[in-house]
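UniProt numbering numbers the first residue of the sequence shown as 1 and each following residue consecutively.
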Amino acid sequence: AKPFDVEAFLDALYGYGIIAKAFKQDWRYVILIDENTKTGPFTMDLIEPHIALTHDRIDFDVSNLSLEKLYTRDLGMRVDITGSPSSIQLETIVENIRRKEFQVLRSIDGENRPNTSGTVAERIEKMKSRGWKPIGKPLNFIPNPPASYNAILVPYPVSTVLYKNIVTAMETINGARVISIEQIKNPDIESLYEYMKKQISKECRDNDPNERELYHGTSGDAVEGIINRGYDDRHFSNTGAWGHGAYFADDPRKSNGYVNPDPKTTRRVIFYNKVLLGIESVQTETDATLTAAPIGHHSVHGAGGWPGFQFHEYIVYRYGQALPYLKITYTAPS
C-alpha cells in the first residue's frame, strides 16, 4: 500500500465543502475540521505505528477505519499511515465525514450527570449540535500490549454508567466494597471470541448470538490464568451441577460463593464477562455428566428458584465462548 497522502485527503474533503487543516507532528497528523463552527472544531488523528500507552486515546472515529480487520479490532483512528498490508480507502473516509457520522471510541463519562463539563458526554452533545450523528455502540479502545505480554489491564472510568451499575450490583454481596475495576485487553482471546461469535451467530435466529454480560468468581492462580488465557476448557470445572464447563451468573452474589480472599491482602476477584449463550438449553434438573451443550444448543441455562439453586447459572463448554472483560477487585466478610 502507498503511504497516506494527506494533501489528497484534504483536497477530497474540500470537494465536499469541508474545510480542514493538517498539522504534522513527530508521530501523527492532526486534522482540524469545522474550525469556524460556533461550538468549536474537532480533531481527527492519523497516528504513526507505536505500541506505547503514553499517548492519550482518541475520542471519536469519523473515518470508518475500524472496518479494516487486519488492523487491531476496534482500532478507531490509530492507523499505520506509512504503509501496511491493508490499504486505507480515501473514498470511504470522506464518505463517512460527508454523512457526518461518528463512533465513540471510549466509555462515555459524564452520562446522566447534571455537570458534564469536560467530559466525553459534553463533546458528544457538541458534535450533535453541529449536525453529526453517533453510530454503533461506544467502544473502549485500548492499544495492544507489547508482544512479550498476553494482556494488559487498564483502570475502567469511574464516572461511567457501567462502573456505577457494577458497584451497585456488587453491594448486594453482604459487606462488599469495590476497590477497583479494570478493563482487560487480551487481543488473542478477543480474536478467538470474535471467531466464535461469528460461528454461533450463523446458527442462531436473526444471527443473534445471545451475548450476555455475566459474572464469574475465582481465586488463586486461576485469576492470572483467566486474564492471560481466557476460559480454557482444559481448566473447566469437573464438579459443577451441569458437568464440565465454565460457569457464570447474572448475580454477583452467586459468583462470590466461589471466591476465596487472598491470604495476604484479603482481597477477592470477580470477572465481568461477555458470554455467547447462543441457543440456551434451559434445565431445571442437574446433569453432572454433560461435557457439551445438548445437540442444537450452545449453552446450558440452569434455571434458578428451586431448592439448592436460588440463582440462575449459565454454562458454556467451548474455549472462546466467553471473554473476560473486566476484573473487579473487592473485599467482603468471610
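Where a beta carbon is used, it is the ideal one built from N, C-alpha and C, also for glycine.
{"Check": "Of the residues G225, Y319 and R123, which one's Cα is nearest the Cα of G131?", "Outcome": "R123"}
{"Check": "Looking at the unbroken alpha helix (DSSP H) that takes in Q199, where does it start and where does it end?", "Outcome": "P187 to K202"}
{"Check": "Report yes if the CB atom of A246 is closer than 7 Å to the CB atom of Y231, and no otherwise.", "Outcome": "yes"}
{"Check": "Measure the C-alpha to C-alpha separation of T37 and S129 and round it to an integer number of angstroms.", "Outcome": "10 Å"}
{"Check": "DSSP three-state label for Y163, please.", "Outcome": "helix"}
{"Check": "Rounded to whole angstroms, how far is the Cβ of I142 from the Cβ of Q199, which I believe are closer than 8 Å?", "Outcome": "Actually they are not in contact, since the Cβ atoms of I142 and Q199 sit about 25 Å apart, beyond 8 Å."}
{"Check": "Taking the straight line between their C-alpha atoms, what separation do you get for V223 and K197?", "Outcome": "24 Å"}
{"Check": "Can you give me the Cβ contacts of A241 inside the same chain, cut-off strictly under 6 Å, excluding the 5 residues immediately before and after it?", "Outcome": "T286"}
{"Check": "Taking buried to mean at least 16 other C-beta atoms within 10 Å of its own C-beta, is S281 buried or exposed?", "Outcome": "buried"}
{"Check": "Taking the straight line between their C-alpha atoms, what separation do you get for A322 and A288?", "Outcome": "21 Å"}
{"Check": "Tell me the DSSP secondary structure of F311 in three-state form.", "Outcome": "coil"}
{"Check": "Between N256 and the rest of its own chain, which residues show a CB-CB distance below 8 Å, the 5 nearest in sequence each way excluded?", "Outcome": "I173, A176, G217, R268, I270 and A332"}
{"Check": "Could you check if T265 is buried or exposed, using at least 16 other CB atoms within 10 Å of its CB as the buried criterion?", "Outcome": "exposed"}
{"Check": "Report all residues from its chain with a CB closer than 6 Å to the CB of I108; omit the five preceding and five following residues, and keep chain order.", "Outcome": "V120, A121 and P138"}
{"Check": "Could you tell me the distance, in whole angstroms, from the CA atom of L153 to the CA atom of K185?", "Outcome": "6 Å"}
{"Check": "Could you give the distance in angstroms between the alpha-carbon of D80 and the alpha-carbon of K274?", "Outcome": "Legend: pLDDT at D80 = 39, less than 50; position of this residue unreliable, no value from coordinates given."}
{"Check": "Write down the C-beta distance between N144 and P187 rounded to the nearest angstrom, noting that I regard them as a contact closer than 8 Å.", "Outcome": "5 Å"}
{"Check": "Contact criterion: CB-CB distance below 7 Å. Does A12 meet it with respect to chain C?", "Outcome": "Reference to chain C is not applicable here, since this structure consists of a single protein chain."}
{"Check": "Who are the Cβ neighbours of I227 in its own chain at under 8 Å, not counting the five residues just before and after it?", "Outcome": "N150, A151, L153, I184, N186, P324 and K327"}
{"Check": "For the alpha helix (DSSP H) holding G136, just list the boundary residues, first then last.", "Outcome": "It is not in any alpha helix (DSSP H) - G136 carries neither H nor E in the DSSP assignment."}
{"Check": "Taking D250 as the reference, give the member of G304, K202 and L290 with the closest Cα.", "Outcome": "G304"}
{"Check": "For the beta strand (DSSP E) holding E213, just list the boundary residues, first then last.", "Outcome": "E211 to T218"}
{"Check": "Distance, Cα to Cα, R318 vs V6?", "Outcome": "46 Å"}
{"Check": "Smallest Cα separation from N238: which of N260, I18 and L290?", "Outcome": "L290"}
{"Check": "Which of the three DSSP states, helix, strand or coil, is assigned to R318?", "Outcome": "coil"}
{"Check": "I need the DSSP call for Y156, collapsed to helix, strand or coil.", "Outcome": "coil"}
{"Check": "In terms of DSSP beta bridges, what is N273 paired with?", "Outcome": "L214 and P324"}
{"Check": "Apart from the five residues just before and just after E35, which ones in its own chain have a Cβ nearer than 6 Å to its Cβ?", "Outcome": "P41"}
{"Check": "Just to confirm the assignment, what range does the alpha helix (DSSP H) spanning L13 have?", "Outcome": "V6 to G15"}
{"Check": "Using the C-alpha atoms, what's the distance from G320 back to D233?", "Outcome": "9 Å"}
{"Check": "By Cβ distance below 8 Å, which residues in the same chain neighbour T43 in space, the five residues on each side in sequence not counted?", "Outcome": "V30, I31, L32 and I33"}
{"Check": "If you follow the alpha helix (DSSP H) that K254 is in, where does it begin and where does it stop?", "Outcome": "P252 to N256"}
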